[in-house]
Every structure is written in C-alpha cells, then in structure tokens.
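Below, the structure is given as structure tokens:
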C-alpha cells in the first residue's frame with residue numbers, strides 16, 4: 008500500500024496537511040455532483056481538497072479531482088490536466104465550508120516516521136494545530152506541537168503497525184490508516 012495524499016489547509020500563510028477531522032460538513036467533490044475515482048495508489052479516494060482560513064472562515068479554494076466530467080463550481084472553471092494524475096484542477100472556488108467540529112492541521116513532517124499506508128499520523132509532524140470550527144467560523148486554535156513531541160518520546164511507533172498479526176487487528180489498522188476521523 009501507499010501513503011495517501013492529504014487535503015491541505017492554508018492557515019496564516021502556511022500550508023498544512025489536514026491530518027485529523029472530528030465533525031461534519033467538510034466539502035467533497037460529491038457535493039458538486041462529481042464522481043471521483045482513483046488516479047493512482049497514492050489517492051484511492053480520487054481527489055484532494057485545498058482549504059484556506061480567511062478572516063476566521065474556513066473556505067474551499069481549490070480541488071484536484073479525477074473524474075469523467077467536471078462542471079464549473081462557483082464560477083471556477085476546471086483546468087484539464089489529462090489522465091496522468093488528477094484529470095481536473097480547480098482554483099478560485101472560494102466557497103465557505105459549513106464544517107462544525109475540530110480539524111487537526113500539521114506541517115514539518117518527520118521523514119523517519121513515514122508509514123507506507125494511508126494518511127500520516129499527527130504525531131509524525133513537528134508543528135500541529137487544532138482548530139475549533141462552528142458552521143465554518145473558526146472559533147479557536149490550539150497548539151498541539153508539544154503534545155505530539157511528548158507522544159513521539161513515549162511511543163514513536165504508535166499506530167505505525169497493527170497491534171498484532173491477527174486478521175481483525177490488521178484490518179482495523181488498515182481502516183484506521185485510511186481515516187482521518189477522530190484523530
């Protein structure tokens with residue numbers, strides 16, 4: 008298996024990986040009538056979303072999507088890129104996201120902590136921030152970098168491998184690696 012391409016969030020001028028989600032209301036290509044399909048093993052879901060925090064609001068600014076068709080979204084016309092990766096790229100969508108919950112943003116990935124399966128773990132990054140969001144409005148940000156550093160000191164291999172070789176443990180680990188829910 009392959010590590011998955013995450014969604015990205017531009018926050019205070021810095022690009023972060025979106026590594027954890029606890030809530031509802033994030034947008035996906037399905038919300039715009041698209042039917043994504045996997046372009047390669049690094050993106051089984053078939054899309055990558057590009058969010059931005061602007062004036063304390065969570066907005067969708069762009070999207071890469073591999074689909075058969077791509078309509079205009081909020082006046083943004085897709086750029087066709089061919090079949091080699093994502094077939095379509097959107098910029099300038101500028102749609103407010105009705106998300107409510109918490110998002111975990113991370114950057115400064117520690118290469119030695121790469122897991123060759125699913126999305127990367129939050130504690131595999133040096134800089135980690137939690138955003139509390141209500142209906143797209145960013146209410147609070149909380150620095151989690153020191154907590155992640157402590158996790159790395161206590162158990163750097165946490166969630167890097169299944170708990171055992173039993174089939175149910177392996178299958179649960181795979182499911183967890185491909186989810187960002189509740190991280």
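Residue numbers (the numbering used here): 8 to 190. Just so it is clear, CB atoms sit at the ideal spot from N, CA and C, and this is done for glycine as well. The model shown is predicted, which means the values in this text are computed figures rather than measured ones.
Endpoints, the alpha helix (DSSP H) within which residue 161 is located = 152 to 161
Residue 37 burial status per 10 Å Cβ neighbour count (16 or more: buried) = That one is exposed.
Quick check: the segment 95 to 103 against the segment 115 to 123, are there 3 or more CB pairs under 8 Å?
-> no
Just checking, does the segment 73 to 80 make contact with the segment 36 to 53 on the three C-beta pairs under 8 Å criterion?
-> yes
For the beta strand (DSSP E) that contains residue 67, what are its first and last residues?
-> Residues 64 to 72.
Drop a sphere of 10 angstroms on the beta-carbon of residue 146, count the other beta-carbons inside from all chains shown, and report buried for 16 or more, exposed for fewer.
-> Residue 146 comes out exposed.
Return the bridge partner residues of residue 102 from the DSSP annotation.
-> 67
Look at residue 46 and residue 93 and say whether their C-beta atoms are less than 8 Å apart.
-> yes
Would you say the segment 81 to 89 touches the segment 149 to 169, given that touching needs at least three Cβ pairs under 8 Å?
-> no
Enumerate, from N- to C-terminal direction, the unbroken alpha helix (DSSP H) stretches of 4 or more residues contained entirely within the segment 39 to 65.
-> Taken in chain order, no unbroken stretch of alpha helix (DSSP H) lies wholly in the segment 39 to 65 with a span of 4 residues or more.
Which two residues bound the contiguous beta strand (DSSP E) that contains residue 27?
-> 21 to 31
Helix or strand or just coil, what does DSSP make of residue 168?
-> coil
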